[in-house]
Amino acid sequence: MTFGCVGHCSLPGLFPGAEGDIMSMRPLPAPAVPESTARVARAAFPRGCLAMRVRDEFGVVFESERFVAAFAHRGGPSVSPGMLALVSVLQYAERLTDRQAADAVRGRIDWKYALGLQLADPGFDFSVLSEFRDRLIAHGLEQQILDAILAQCNKQGLLRAGGRARTDSTHVIACIRDLNRLEFVTETMRCALEALAVAAPAWLAGTDAVNADWLARYQQRADSYRLPKGEAERTAFAENVGGDGYELLDTLDDPTAPAHLAGLEAVVLLRTVWAQEYQRDARGVRWRGNKQRPPGAARIVSPHDPQARCGVKRGSAWDGYKTHLTESCDDDLPHLITCTATTPATTDDHQLTHAVHQTLTERGLKPAEHYMDSGYTSAKIILQARAQGIEVIGPVKQAGGRPALHASGYAATDFHIDWQARQATCPQGPISTRWSDTVIGGEPRTHIDFSGAGCTSCPAKDTCTTAAYRVLTLLPREEHELLQQRRAEQQTEEWKKRYHTRAGVEGSISQAVRRSGTRRTRYRGLAKTSLAQVLTAAALNLYRLDAWWTGPPLGTTRVSHYEQLVLSLAA
924 MTFGCVGHCS LPGLFPGAEG DIMSMRPLPA PAVPESTARV ARAAFPRGCL AMRVRDEFGV
984 VFESERFVAA FAHRGGPSVS PGMLALVSVL QYAERLTDRQ AADAVRGRID WKYALGLQLA
1044 DPGFDFSVLS EFRDRLIAHG LEQQILDAIL AQCNKQGLLR AGGRARTDST HVIACIRDLN
1104 RLEFVTETMR CALEALAVAA PAWLAGTDAV NADWLARYQQ RADSYRLPKG EAERTAFAEN
1164 VGGDGYELLD TLDDPTAPAH LAGLEAVVLL RTVWAQEYQR DARGVRWRGN KQRPPGAARI
1224 VSPHDPQARC GVKRGSAWDG YKTHLTESCD DDLPHLITCT ATTPATTDDH QLTHAVHQTL
1284 TERGLKPAEH YMDSGYTSAK IILQARAQGI EVIGPVKQAG GRPALHASGY AATDFHIDWQ
1344 ARQATCPQGP ISTRWSDTVI GGEPRTHIDF SGAGCTSCPA KDTCTTAAYR VLTLLPREEH
1404 ELLQQRRAEQ QTEEWKKRYH TRAGVEGSIS QAVRRSGTRR TRYRGLAKTS LAQVLTAAAL
1464 NLYRLDAWWT GPPLGTTRVS HYEQLVLSLA A
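Shown next, in the form of structure tokens:
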């Protein structure tokens, strides 16, 4: 038995706590494909299609009991959550809007076949899909979408633990406009006034906020072509906006103001942004300097998506998020997305490595080898993964410092380290004078000093250090030795050939972009964007399973016509 649909609902109120009917789930058998639906579908698609093959191979993909925690036990009947989950994945597989997906349920025979619906089934209102997504997020059930598909693949032997996996990340642009700093503060002020005009129009009308100057500044959304052009004029305009914001906040802080208004999301955001962008003192209201603003990880970039952040990678900047895809890559099995994680754009990749390993372990898909680029690796991460039985295969960063930059002098790797004697020997012969254990950034380190007198008289001093004497800061012994070993290994042709396996994940990201538009989110906020990436991963898995079942060859790396010409001439 499974929890299923006892009726179709197109009414609001699917979301828990919202006004309207409370939706419930009742135990019903999983529906079989009606004979009439199967007959028409087979006639229309004699060779089958993706939606039909998924039903034929897996049966009911999403058991509704996976989502039972999100539904009440009493109340009006809901649309089957299992059906909504499959519709949502097919929607992402074909890049459909909610309206188009609801229309496909009503009008497409292949979807009716996959969902086990009668030919005359009227489907449901498109708004049910957004309410279903809200319900998944509210109850933390987003990953159940991907888990269900992976469980089906496990059952059929299409996935296994102890194999190979690879991970990479890509940027996700937020569903907002790019705003410069002046547009940003002006738009934030406008949004706060809009929220107050809805929540307390009578109170707002009785304040000084209703005047011709404010109307001219905030009646329309902030756009550069409406704002002053000269530098002095723009600075003056920014200070006026800052003064307006502080005046509004002071009015809201007055004991006579309705207490609930201070808690409005737009008002809280206004207060946060003003602390981020302005300073107010006896001299008035002024822009904060760049060094006085919060770091990028805490800096809001738009009032329409306060969780979006400005990320920078290889000189390219974007406002939004970052998504991390992990796929299996065993040669004798389909390559399936086994884990997806979405973070703010400013989150470093190495912060995700342990979380990915933990997720794969919980799903029973812990790999023996995990291929990653240098953003995910460090000596500490490699050792932690080994303790879990996972070999992380990826380059570590080369030694830095002045010698590495100038290609002369001595790097830390040139010094002989005697961990037992707690001393280091310089390539020129002198021995360190001080060895101490310290903590930097919460991590243990070894600090080594050499003699100032010895360094001053050293012939290599000018290329070794610009300080009075040479200082070494080393990782703990186990990490230090592993780092040296990996740096030597990754220079060998054998290691480079082995590491080529990682490159395939770039094709997965390309497929996600082309199939589902993964680099631009449809929604605002980290939670909704994360759910969208889970649905994208599930949709990609359906495409890959369909290719596995039907047998088309894997795509090859694209080669330009010019490159083909050069290669042919060289041959």
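Residue numbers (my numbering): 924 to 1494. Beta carbons are placed, not taken as given, at the ideal position from N, Cα and C, and that holds for glycine. Source: prediction; values computed, not measured.
Practice item. Using DSSP bridges, identify the partner residues of GLY1234. Key: Answer by DSSP bridge pairing, in chain order: TRP1241.
Review point. In whole angstroms, what is the alpha-carbon distance linking LYS1320 and TYR1446?
Key: 36 angstroms
Point to revise | Nearest candidate by alpha-carbon position, reference THR1459, set ALA1122, CYS1233, HIS1247 | key: HIS1247
Practice item. May I have the straight-line CA-CA distance separating THR919 from ALA1185, to the nearest angstrom? Key: What is shown of the chain runs 924 to 1494, which leaves residue 919 out entirely.
**Study point:** Inter-residue Cα distance where the pair is ALA1450 and ALA1205
**Key:** In this structure, the CA atom of ALA1450 is about 42 angstroms from the CA atom of ALA1205.
Review point. Is the beta carbon of CYS1262 sitting closer than 8 angstroms to the one on ARG1089?
Key: no
Practice item. Name, in chain order, the residues that DSSP records as bridge partners for CYS1262. Key: THR1249
Check your understanding: Straight-line CA distance for LEU1009 to PHE985?
Key -> 7 angstroms
Point to revise | CB-CB length for GLN1230 against PRO1257, believed under 8 angstroms | key: Actually they do not touch by this definition, with Cβ atoms about 34 angstroms apart.
Review point. How about GLY1298 and HIS1273: do their beta carbons lie closer than 8 angstroms?
Key: Result yes, Cβ atoms of GLY1298 and HIS1273 sit closer than 8 angstroms.
**Study point:** Inter-residue Cα distance where the pair is ALA1494 and VAL1482
**Key:** 16 angstroms
**Study point:** Identity of the residue in SER1439, ARG1149, LEU1175, ASN1134 nearest GLU1110 by Cα
**Key:** ARG1149
Exercise for review: Could you tell me which residues DSSP pairs with GLN1202 in its beta bridges?
Suggested key: ARG1209
Point to revise | Closest Cα partner of ALA1232 within the set GLU1117, GLN1142, LEU1102 | key: Just to set this straight, residue 1232 is Arg in the shown sequence, not Ala. Restricting attention to GLU1117, GLN1142, LEU1102, the CA atom closest to the CA of ARG1232 is found in LEU1102.
Review point. Nearest to TRP1358 by CA position, among GLY1365, ALA1462, GLY1364, ALA1347, is which residue?
Key: Comparing Cα-Cα distances from TRP1358 to each of GLY1365, ALA1462, GLY1364, ALA1347, the minimum goes to ALA1347.
Check your understanding: In three-state DSSP terms, what is TYR1392?
Key -> Coil, per DSSP.
Review point. Rounded to a whole number of angstroms, what is the C-alpha to C-alpha distance between ALA1461 and LYS1236?
Key: 27 angstroms
Exercise for review: Put ASP1091 into one of helix, strand or coil per three-state DSSP.
Suggested key: strand
**Study point:** Inter-residue Cα distance where the pair is ALA1220 and ARG1368
**Key:** 26 angstroms
Check your understanding: If ILE1313 sits next to LYS1289, beta carbons under 8 angstroms apart, how far is it from one beta carbon to the other, in whole angstroms?
Key -> 6 angstroms
Review point. Can you tell me whether DSSP reads LEU1397 as helix, strand or coil?
Key: strand
**Study point:** Endpoints, alpha helix (DSSP H) assigned at GLN958
**Key:** Note that residue 958 is Glu in the sequence shown here, rather than Gln. 958–967 is the span of the alpha helix (DSSP H), which, as asked, contains GLU958.
Practice item. With DSSP as the reference, label VAL1002 as helix, strand or coil. Key: coil
Review point. By Cβ distance, which residues of its chain are closer than 7 angstroms to LEU1395, with the 5 residues on each side in sequence left out?
Key: ALA1335, PHE1338, ALA1347, ILE1371
Review point. Given 8 angstroms as the limit, is there contact between the stretch 1038–1056 and the stretch 1211–1225, that is, 3 or more CB pairs closer than that?
Key: Result no; under three Cβ-Cβ pairs closer than 8 angstroms.
Review point. What are the start and end residues of each continuous alpha helix (DSSP H) run of 4 or more residues lying completely inside the stretch 1424–1468, in chain order?
Key: 1427–1439
Review point. For PRO1178, does the count of other Cβ atoms within 10 angstroms reach 16, so buried, or fall short, so exposed?
Key: By the neighbour-count rule (16 or more Cβ atoms within 10 Å), PRO1178 is not buried but exposed.
Review point. Which ranges would you report for the beta strand (DSSP E) in the stretch 1134–1213 if only whole runs of at least 3 residues count?
Key: Listed in chain order, the complete beta strand (DSSP E) runs (minimum 3 residues) inside the stretch 1134–1213 are 1201–1204, 1207–1210.
Practice item. Buried or exposed for ASP1242, please, with buried defined as at least 16 other CB atoms from any protein chain shown within 10 angstroms of its CB. Key: buried
Practice item. Under 8 angstroms by Cβ, that's how I've got GLN1311 and THR1284 pegged, so tell me the actual separation to the nearest angstrom. Key: 7 angstroms
Review point. Where do the N-terminal and C-terminal ends of the beta strand (DSSP E) with THR1348 fall, by residue?
Key: Segment 1346–1348, the beta strand (DSSP E) holding THR1348.
**Study point:** 7 angstroms Cβ shell around CYS1114 - same chain, five flanking residues per side excluded
**Key:** ALA1189, PRO1226
Check your understanding: Across which residues does DSSP place VAL1315 in a beta bridge pair?
Key -> In the DSSP assignment, VAL1315 is bridged to HIS1293.
**Study point:** HIS1423 versus THR1480: straight-line alpha-carbon distance, rounded
**Key:** Cα to Cα, the separation comes out at about 13 angstroms.
Practice item. Taking 8 angstroms as the cut-off, decide whether the C-beta atoms of GLU1036 and ARG978 are in contact. Key: Reading the sequence as shown, one finds Tyr at residue 1036 and not Glu. Yes, these two residues count as a Cβ contact at 8 angstroms.
Check your understanding: Which word fits TYR1201, buried or exposed, when buried means at least 16 other C-beta atoms lie within 10 angstroms of its C-beta?
Key -> buried
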